[in-house]
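Take a look at the structure set out below.
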Amino acid sequence: MYITYKDIIMHLQDTCISKIRQPKERVTVVYPWMTAICKQNPCASAILALSTFRHNEYGWSEHYLSREDLKEALFHQFTLYQIGKSLKQLFADKVFTHIKRKCYDRTTVFSLNTKAISAFLASYTTQYPIKEKQKAKEYKSTESLETLKLRIRKMEESKSTFQ
573 MYITYKDIIM HLQDTCISKI RQPKERVTVV YPWMTAICKQ NPCASAILAL
623 STFRHNEYGW SEHYLSREDL KEALFHQFTL YQIGKSLKQL FADKVFTHIK
673 RKCYDRTTVF SLNTKAISAF LASYTTQYPI KEKQKAKEYK STESLETLKL
723 RIRKMEESKS TFQ
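Quick note: the sequence shown uses the working numbering, first residue 573, plus one each step.
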């Protein structure tokens, strides 16, 4: 059996880990501390994550958002009812501060209670610390690649002895 370089390339493409090309999309990152401050409510955690991102990255001190806006911003993962209950929880827990503004639609105006969040984070201990940088693992495909290389060398040696 003779193995060509084309066979080697095909084998490498089949066995090597190739990256998945993801589309460029918005993302909402929910940190464990957000889940803790929101008492394990995933919808409230997602709203807090979105608001914290906009506060830190865009400098938003006041957030003008309707429940429909939040539903769209959170990729339609939560119902309007869940969003409404989560907003009430965030206001009740004093994570958000309600700002009284006259809005003729159902827009909610709020700001992050940075003092309450900072006080929570000062006493928060993570259960998921980053200990060290994750190292790449040695996979079985690497072993099969090495055995393939050995087979090719042996075949080339045997081919040269016959010539």
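The beta-carbon is built from N, C-alpha and C at its ideal position, and this holds for glycine as well.
So, is A616 buried or exposed, given that buried needs 16 or more other C-beta atoms within 10 angstroms? It counts as buried.
Going along the chain, which unbroken runs of the alpha helix (DSSP H) with 4 or more residues stay wholly within the stretch 647–730? Along the stretch 647–730, the alpha helix (DSSP H) occurs as fully enclosed runs of 4 or more residues at 652–664, 686–695, listed in sequence order.
Pick out whichever of D677, V667, Q649, K672 has its Cα sitting closest to the Cα of A691. For the residues D677, V667, Q649, K672, the minimum Cα distance to A691 belongs to V667.
Under the three-state reduction of DSSP, which class applies to Y603: helix, strand or coil? Of the three classes helix, strand and coil, the one that applies to Y603 here is coil, per DSSP.
Would you decide whether T651 is buried or exposed? Buried here means 16 or more other CB atoms lie within 10 Å of its CB. Here T651 is exposed: its Cβ has fewer than 16 other Cβ atoms, across all protein chains shown, within 10 Å.
DSSP has H635 in a bridge; who is on the other side? Answer is F682, bridged to H635.
If you run the structure through DSSP and keep just helix, strand and coil, what is N628? Of the three classes helix, strand and coil, the one that applies to N628 here is helix, per DSSP.
Proximity winner among Y603, V599, I575, H627, relative to P701 (alpha-carbon distances): Here the closest residue by C-alpha is Y603.
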